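Residue numbers (my numbering): 1259 to 1828. Virtual Cβ for every residue (Gly too), placed ideally from N, Cα, C. All values reported here derive from a predicted model rather than from experimental measurement. Only one structure is covered here, and it is reproduced in the block below.
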RNA sequence: CGGGGCGUAGCGCAGCCUGGCUAGCGCGUCUGCUUUGGGAGCAGAAGGUCGCCAGUUCGAAUCUGGCCGCCCCGACCA
């Protein structure tokens, strides 16, 4: 492609509404343009990268034995009512009616549809296992789209679904996908971590996320610097204190005034007591019933853990009225002392704490020197908090590390959740009807692009991994009006095209500086410069985007070098 | 949805507080000439419902109200 003819609108200035590097560079390098919040137009350069990624995904999925299909983005709401997920997804789903009043939605994911298909088409164990996938646009009415293409309302996803006769067979299908994902992300040139994850709306018990570490990521994950432990932060187990140290002489419980101090921070400041020496009493309602939870002042309640414990995800903070009913006191001064007729669920650490500060269930009053056992009863002790950076690794005890990451892929063992609900059964060897055991596997295609840029750029622009670069080579003709320069450039351009090497030719009649800046910005791996060196010594300069070295070679030699370099990465 | 911020030419911004003539600046764009190894120079030109609607006023980009859009933080979301 000649740059003079290409729609590659680069920007010198950083757009004001782009916060993170990948978003800024995707706009500046002319990959995307925003249509509205959460939807983007992919320009030629962006679309080329997208296609590169898609091709890699497709080849690895096919290699793993998965078969490509295409399901509609428009789906009947009926199927979602059957699975019970319409309510669960709630506002996240775009809904609409057709002219007859039939309820439809734009698919945020496709478990319902694939299960429907398999229900009708798979009837025998002889047809299993099977893995079907598609690369398709998903729609999610996100509360807050952000960071460009990282969280958008419309995005491209590769989603695969496996069906097996039993869990043992599912383990194999799962591993196959897990390995395929590693190959896909390796080929995309990404550095990533695989972490244990929460299954959320998908359901199922086992899942792993593929995370690209980046400060721009929306997810936090935990890794151990010593062993191989890696987990999403919400899943990381906190170690119970094995041998709680009781203070030798607990102080007497005492009520003291804390006017207007309704938060841990305010009380901590007022009483000059560190948050870690306080206990917060949280009242939630789970399926409408109030629960009382105790967490150390400097810790955070982990709703996922609480949900697992209570067996529901319908957990919301109690309103002021419920709090009054439960504690007899106003919001902001709740405490465990004197609570009746309600079980107190405490985080593991509470048991070992002594002489701590907590609410007195009366306005403007807190207790100091509270001690569990003596002053109130803990009904149940559980791991309820979110792990912190000062916690030990649940596996080996080394201090863990917390990092941010971009979730580019997620694999789930679903089990029979959907097959049971939607009736995807098959006849086993004994002629008995069994629900298929499912797995599902997603990759965010757009996120791979953003993650690759987050992973690899410098002050001048993008540095593409070779396998997903929109073009392999860019030829910069310093002064294309010069006949010899044009001639040599044309020769290089033709030679690349003859070898099927993707090449951009900057044939524009503009000053050289712009061309170099542009080439760096759009991040093409190999740059060939035809300029005064060519005129004086009949050589072309070859420079790689990811190195500062530049070599001068005869035009024929340059082509050989380029071919070698491009093939190395295939 | 709660909190904060923004909306003036394709992009980045000034002007608004303290209302007033033809709404500016930089980049980009177009024409011509000179340039061409790291975002060139000169000369000329095009490009604006000042987000929208209403109100106050002799007069509104500027003041007031409503609405819309966009960004950031949060609710923990594949």
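In the structure shown, the three-state DSSP call for residue 1554 is strand. DSSP places residue 1423 in the coil class of the three-state scheme, outside both helix and strand. Residue 1813: member of the alpha helix (DSSP H) spanning 1813-1826, first to last residue. Note on geometry: alpha-carbon atoms of residue 1527 and residue 1514 lie some 14 Å from one another. Note that the C-beta distance between residue 1703 and residue 1788 is not below 8 Å. For residue 1679, the enclosing alpha helix (DSSP H) starts and ends at 1675-1680. Three or more beta-carbon pairs drawn from the stretch 1402-1415 and the stretch 1265-1282 are found closer than 8 Å, and the two stretches are therefore classed as touching.
Residue ranges of uninterrupted alpha helix (DSSP H) with 4 or more members, entirely inside the stretch 1681-1763 and ordered along the chain, are 1703-1713 and 1741-1756. Around residue 1755, the same chain offers 1761 as residues with beta carbons nearer than 7 Å, after the five sequence neighbours per side are excluded. Pairing residue 1776 with residue 1465, the inter-Cα distance amounts to about 42 Å. Counting C-beta pairs with one atom in each stretch, the stretch 1611-1618 and the stretch 1562-1582 have fewer than three that are closer than 8 Å, which means they do not touch. Linking residue 1631 to residue 1654 through their CA atoms gives a straight-line distance of about 31 Å. Every beta strand (DSSP E) of 3 residues or more that sits fully in the stretch 1522-1553 is shown, in chain order, as 1537-1544. Taking C-beta atoms as the reference points, residue 1454 and residue 1489 count as a pair closer than 8 Å. Cβ-Cβ distances below 7 Å link residue 1511 to 1625, 1627, 1628 and 1633 in the same chain, with the five nearest sequence neighbours on each side left out; the list follows chain order. In the DSSP assignment, residue 1363 is bridged to 1333 and 1353. By the neighbour-count criterion, in which 16 or more other beta carbons inside 10 Å mark a residue as buried, residue 1446 falls on the buried side. DSSP lists 1624 as the beta-bridge partner residues of residue 1617.
Counted as a single uninterrupted DSSP element, the beta strand (DSSP E) harbouring residue 1785 occupies residues 1784-1788.
Beta-bridge partners of residue 1660 (DSSP): 1480.
Close CB contacts of residue 1307 within its chain, under the 6 Å cut and outside five residues either way in sequence, are with 1707, 1726 and 1728 (chain order). In this chain, the beta strand (DSSP E) harbouring residue 1291 covers 1290-1294.
Taken through DSSP and simplified to helix, strand or coil, residue 1580 comes out as helix. Under DSSP, residue 1671 takes part in a beta bridge, and its partners are 1464 and 1697.
Ranked by Cα distance from residue 1665, the options 1697, 1639 and 1705 are led by 1705. Close CB contacts of residue 1808 within its chain, under the 6 Å cut and outside five residues either way in sequence, are with 1799 and 1801 (chain order).
From the listed residues 1697, 1779, 1759 and 1529, the smallest Cα separation to residue 1421 is found for 1697. When the beta-carbon positions are compared, residue 1468 and residue 1661 stay at least 8 Å from each other.
The C-beta of residue 1472 has 16 or more other C-beta atoms within 10 Å across all chains shown, which makes the residue buried. Judged by their CB atoms, residue 1701 and residue 1781 are not nearer to each other than the 8 Å cut-off. DSSP lists no bridge partner for residue 1278. Residue burial annotation: residue 1318 is buried, with at least 16 other C-beta atoms found within 10 angstroms of its C-beta. Note on geometry: alpha-carbon atoms of residue 1507 and residue 1485 lie some 40 Å from one another.
By the C-beta criterion, the stretch 1670-1690 is judged not to be in contact with the stretch 1358-1367, since fewer than 3 inter-stretch pairs fall below 8 Å. In the three-state reduction of the DSSP assignment, residue 1392 falls in the strand class. For the pair of segments examined, the stretch 1598-1610 was found to touch the stretch 1548-1568: the number of CB pairs separated by less than 8 Å reaches three.
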